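As structure tokens, the structure follows; a few thoughts come after it.
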Amino acid sequence: MNQGFAPIGDVLRSAGTVAVLTHVRPDGDAIGSQLAMVLALQKLGKTVTAWNEDGLPESFAFLKGSELITKPPDEPLEFDTVLALDTAARNRLGTGITAIRTYKTLVNIDHHASNPGYGDLNYIDVQAPATGQIIYELLRDQKLPFFPEIAEALFVAISTDTGSFRYQNTTAHTFEVAGKLVEAGVDLATISHRIYESYPKRRILLLGQLLNEATFHAHDRIATFTLTEATKARLSIDPADIDGLIDVIRSIDTVVVAIFFEEVADQRVRISVRSKDLRIDANRICSTWGGGGHPLAAGARIRGTLEQVRTKVISYVSDEVLKYP
Ligand SMILES: [Mn+2]
431 MNQGFAPIGD VLRSAGTVAV LTHVRPDGDA IGSQLAMVLA LQKLGKTVTA WNEDGLPESF
491 AFLKGSELIT KPPDEPLEFD TVLALDTAAR NRLGTGITAI RTYKTLVNID HHASNPGYGD
551 LNYIDVQAPA TGQIIYELLR DQKLPFFPEI AEALFVAIST DTGSFRYQNT TAHTFEVAGK
611 LVEAGVDLAT ISHRIYESYP KRRILLLGQL LNEATFHAHD RIATFTLTEA TKARLSIDPA
671 DIDGLIDVIR SIDTVVVAIF FEEVADQRVR ISVRSKDLRI DANRICSTWG GGGHPLAAGA
731 RIRGTLEQVR TKVISYVSDE VLKYP
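In terms of this note's numbering, the sequence shown is numbered consecutively and its last residue is 755.
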């Protein structure tokens, strides 16, 4: 399934026009990877655009060059090469891909276990804790442009997807890469402050409400947050405000699985599942409902009301959790 870095390097060097895409509701890894590639390709002299369905989250606007990331245009455009980053399934590119009329080569670079390899060229490394780490390796391996703004974007990608270098896939190699990024000019304290200590007030007010209404199941081994459309409207919540809130209930000692239920458009509920036990595979749980992700962090969108979705998901996960004492 993996064609390696060399053919990807060749395609990027020979392309005239490149579109750099990532998934809907982009997180730090998505934006950091996207920004690193758009900056590198621009430096290489390519006509390059970067867009995703939701555009640039306000929380990453501090990154230099981030204004290059926009929402897709209404009129579809043509490109030589499309680069899909950190996106487990083609349809997760959303309006990012439908805004592209034609292309010659789709390059798929990702670290999600559920990625089927939908590109013409694929580089999928499920051991990598972040797509940003793969991008670092691609840039260095193929001797593509690399400078401080790129290092900063990649640091954000890796820091956020590893939970500040704490999660399962964080290896000695990840620290080596992070070390190279700091060597290249990343100011660790400043950037960490921008990522983790610069939240809008509404995020913390939302957290208060979610905690008040949290539910616990299977002898406190499952904890859930539930977010309605009404609450989102009342507090003017952006998707980025919600990122990472689930970690608060995940951090409870008895909790093995944390689930976030969010009412979204089209009578669907977005679920986000975090597991602390590799025997309880979040990716497999979410794939039951057409979603996917990683063994310890995955998501899905399920048709139904909040009540219906909560009932069936909690019941399914309780059965899983109760298999293990
Ligand atoms: Mn990622």
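Note that the Cβ used here is the ideal one computed from N, Cα and C, for glycine as well. Predicted, not measured: the structure shown is a model, and the values here were computed from it.
Residue i versus residue j: straight-line alpha-carbon distance, rounded
i, j, result
"phenylalanine 690", "arginine 700", "8 Å"
"aspartate 617", "glycine 485", "26 Å"
"alanine 730", "glycine 722", "6 Å"
"serine 666", "leucine 640", "15 Å"
"valine 586", "glycine 549", "25 Å"
"isoleucine 682", "lysine 706", "11 Å"
"lysine 473", "leucine 451", "18 Å"
"lysine 494", "isoleucine 625", "14 Å"
"glutamate 505", "valine 478", "17 Å"
"leucine 523", "alanine 648", "36 Å"
"arginine 714", "glycine 720", "10 Å"
"leucine 513", "glycine 458", "17 Å"
"glutamate 567", "alanine 518", "19 Å"
"valine 556", "asparagine 599", "9 Å"
"aspartate 749", "threonine 718", "14 Å"
"tyrosine 629", "aspartate 591", "17 Å"
"asparagine 545", "asparagine 538", "9 Å"
"leucine 736", "isoleucine 679", "19 Å"
"phenylalanine 492", "asparagine 642", "32 Å"
"leucine 637", "glutamate 692", "13 Å"
"methionine 467", "proline 502", "17 Å"
"alanine 688", "valine 703", "6 Å"
"histidine 542", "arginine 664", "34 Å"
"arginine 443", "arginine 733", "43 Å"
"aspartate 540", "proline 487", "21 Å"
"isoleucine 676", "tyrosine 597", "15 Å"
"tyrosine 746", "tyrosine 754", "14 Å"
"leucine 498", "phenylalanine 490", "12 Å"
"alanine 449", "leucine 726", "31 Å"
"leucine 515", "leucine 536", "11 Å"
"isoleucine 580", "aspartate 668", "26 Å"
"valine 751", "glycine 593", "24 Å"
"alanine 480", "threonine 654", "35 Å"
"proline 437", "arginine 520", "21 Å"
"serine 589", "isoleucine 554", "19 Å"
"threonine 661", "valine 694", "12 Å"
DSSP beta-bridge partners of residue i
i, result
"arginine 704", "Ala688 and Ala727"
"threonine 477", "Thr447"
"glycine 722", "Gly729"
"isoleucine 554", "Asp540"
"threonine 620", "Answer is none; threonine 620 lacks a bridge partner."
"threonine 452", "Leu515"
Residue burial classification, residue i (beta-carbon count within 10 angstroms, cutoff 16)
i, result
"lysine 476", "buried"
"glutamate 582", "buried"
"isoleucine 634", "exposed"
"asparagine 552", "buried"
"threonine 411", "As displayed, the chain neither begins before 431 nor continues past 755, which places residue 411 out of reach and without an answer."
"proline 578", "exposed"
"glutamine 563", "buried"
"aspartate 711", "buried"
"proline 456", "buried"
"tyrosine 533", "buried"
"aspartate 673", "buried"
"glutamine 464", "buried"
"arginine 756", "A question about residue 756 goes unanswered here, because the residues of the chain that appear run from 431 up to 755."
"serine 496", "buried"
"proline 559", "buried"
"alanine 608", "buried"
"glycine 526", "buried"
"arginine 531", "exposed"
"glutamate 613", "exposed"
"glutamate 659", "exposed"
"threonine 561", "buried"
"alanine 460", "buried"
"aspartate 671", "buried"
"glycine 615", "exposed"
"histidine 453", "buried"
Residue i: CB within 6 Å of a non-hydrogen atom of ligand 3
i, result
"aspartate 459", "Ligands in the displayed structure: ligand 1; ligand 3 is not one of them."
Cβ of residue i within 7 Å of any chain D Cβ
i, result
"alanine 728", "The structure shown contains no chain D; it is built from a single protein chain."
Legend entry - beta strand (DSSP E) runs contained entirely in the stretch 485 to 547, provided each spans 3 or more residues: 511 to 515, 530 to 532 and 535 to 540, all fully within the stretch 485 to 547.
Inset, instruction - Starting from the N-terminal side, write out each stretch of the beta strand (DSSP E) that is 3 residues or longer and does not extend beyond the stretch 628 to 702. - result: Runs found: 645 to 647, 652 to 657 and 687 to 694.
Legend entry - Runs of alpha helix (DSSP H) lying entirely within the stretch 584 to 616, each at least 4 residues, in chain order: Taken in chain order, the complete alpha helix (DSSP H) segments of 4 or more residues contained in the stretch 584 to 616 are 602 to 613.
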